[in-house]
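See structure below.
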Amino acid sequence: MNRKGFRIAALSSLAFALAWAVVARAIGAPFILPGPAAVLRDATALFSDPRFYGQLAATGSRGLLAFALSVALSLALGGLSGISDGAAAALKPWLSVVKSTPVVSIILIALLWFGSSAVPVFAAILMTLPVMTEALSKGMRQSDPKLLEMARIYRFRKRDALFRIRLGTALPYFLAGAGTALGLTWKVVVAGEILALPRHGLGSSIQTARIQLETVRVFSLTAMAVVLSMASEYLFSRLSRHFSATQSDPFPESQARP
24 MNRKGFRIAA
34 LSSLAFALAW
44 AVVARAIGAP
54 FILPGPAAVL
64 RDATALFSDP
74 RFYGQLAATG
84 SRGLLAFALS
94 VALSLALGGL
104 SGISDGAAAA
114 LKPWLSVVKS
124 TPVVSIILIA
134 LLWFGSSAVP
144 VFAAILMTLP
154 VMTEALSKGM
164 RQSDPKLLEM
174 ARIYRFRKRD
184 ALFRIRLGTA
194 LPYFLAGAGT
204 ALGLTWKVVV
214 AGEILALPRH
224 GLGSSIQTAR
234 IQLETVRVFS
244 LTAMAVVLSM
254 ASEYLFSRLS
264 RHFSATQSDP
274 FPESQARP
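So the sequence shown is numbered by the working numbering: it starts at 24 and just counts up by one.
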């Protein structure tokens, strides 16, 4: 983001905070809508509570586990559907069903099958799987036919053609889908914790604060979940740019076998 973009973003954030403060003051009921200053004070106080770090670590570990498993499954399913029309046709209705199913329904069904700690992970995997699977499949099908024909003429091994051409072409698509999926992962994990109430987790703390009518704490914990999501997405975007910039040539001379 350049300086102009940063200034615009800062002014936009300031305008939002001022509007929030004005509305909160007009309502005059912190139980309904606390002001931004009160939420900031409470969020700052969280860092002096040792229990908060345990809640944050629990949510973070669930989110990263769900994302890692979803990436692994997406690579397998997306890669298969990217090279096989039959596999793509077989997967399409199932992925469409998952995408159309409400998150809350998936979480409630998962509560019947798993323990409370596994529910957020399962729900996050299921909701993000179609995003990355379809992104990878679409990217692989965008491979240049001329490059594939050249690989056939030079008798590239199928494995090399798959990894260097098809997956090389699909990488930007997959990384874009993975970035979207990562943001969705945190939302689903926190929502799953709110409904499943595992022993530790930001979602569990949010639900507890709501039950105890601690509206300020609900807002501050939600803000912490947002910060966690934004930080992870920022780091992922940096990694994505690094991988995209270091893509290898799909036809290194050492691989050609005329």
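Backbone N, C-alpha and C fix where the C-beta goes; we use that ideal spot for every residue, glycine too.
Subject >> Cβ shell of Ala42 (< 7 Å), same chain only, five flanking positions each side left out >> reply: Start at 1 with the first residue of the sequence shown, and residue 42 comes out as number 19. Same-chain partners within the cutoff: there are none.
Original post:
When burial is assigned at 16 or more other CB atoms within 10 Å of the CB, is Gln78 buried or exposed?
Top reply: In the sequence shown, the residue the question calls residue 78 occupies position 55. With 16 or more Cβ atoms within 10 Å of its Cβ, Gln78 is classed as buried.
Original post:
With a cut-off of 8 Å, do at least 3 Cβ pairs link the region 214-221 to the region 237-247?
Top reply: In this structure the region 214-221 does not lie against the region 237-247, because fewer than three pairs of beta carbons, one per stretch, are closer than 8 Å.
**OP:** Please specify which runs of the alpha helix (DSSP H), each continuous and at least 4 residues long, are wholly inside the region 184-266, giving them in chain order.
**Re:** Fully enclosed alpha helix (DSSP H) runs of 4 or longer: 190-219, 225-234.
**OP:** For the alpha helix (DSSP H) containing Thr82, list its first residue and its last residue.
**Re:** As a working note, residue 82 is residue 59 in the sequence shown. From DSSP, the alpha helix (DSSP H) with Thr82 extends over 73-106.
**OP:** Can you tell me which of the three DSSP states Leu114 falls into?
**Re:** For the purposes of this step, residue 114 is taken as the residue at position 91 of the sequence shown. Residue state, collapsed to three classes: helix.
**OP:** Assign Tyr257 to one of two classes, buried (16 or more other C-beta atoms within 10 Å of its C-beta) or exposed (fewer than that).
**Re:** Position 234 of the sequence shown, counting from 1, holds the residue named residue 257. Taking all protein chains in view, the Cβ of Tyr257 is surrounded by fewer than 16 other Cβ atoms within 10 Å, so the residue is classified as exposed.
Original post:
How about Leu251 and Thr82: are their beta carbons less than 8 Å apart?
Top reply: Numbered from 1 along the sequence shown, position 228 holds the residue referred to as residue 251. Numbered from 1 along the sequence shown, position 59 holds the residue referred to as residue 82. Yes, the pair counts as a contact, with Cβ atoms nearer than the cut-off.
Original post:
Between which two residues does the alpha helix (DSSP H) harbouring Ala38 extend?
Top reply: For the purposes of this step, residue 38 is taken as residue 15 along the sequence shown, with counting starting at 1. It spans 26-50 - the alpha helix (DSSP H) in which Ala38 sits, taken as one unbroken run.
Original post:
Does DSSP classify Gly109 as helix, strand or coil?
Top reply: For the purposes of this step, residue 109 is identified with residue 86 of the sequence shown, where counting begins at 1. Helix, per DSSP.
Original post:
Skipping 5 residues on each side, what residues in its chain have a beta carbon closer than 6 Å to that of Met155?
Top reply: Residue numbering aside, residue 155 sits at position 132 when the sequence shown is read from its first letter. Scanning its chain for C-beta atoms nearer than 6 Å, with the 5 sequence neighbours on each side dropped, one finds around Met155 the residues Ser97, Gly200, Ala201, Ala204, in chain order.
**OP:** Compute the beta-carbon to beta-carbon distance between Pro53 and Ala61, rounded to the nearest angstrom, for a pair I have assumed lies under 8 Å.
**Re:** Looking up residue 53 in the sequence shown gives position 30. Looking up residue 61 in the sequence shown gives position 38. Pro53 to Ala61, Cβ: 6 Å. Contact.
Original post:
If you draw a straight line from the C-alpha of Phe137 to the C-alpha of Pro143, how long is it?
Top reply: Reading the sequence shown from its first residue, position 114 is the one you call residue 137. Reading the sequence shown from its first residue, position 120 is the one you call residue 143. Whole-angstrom Cα-Cα distance: 10 Å.
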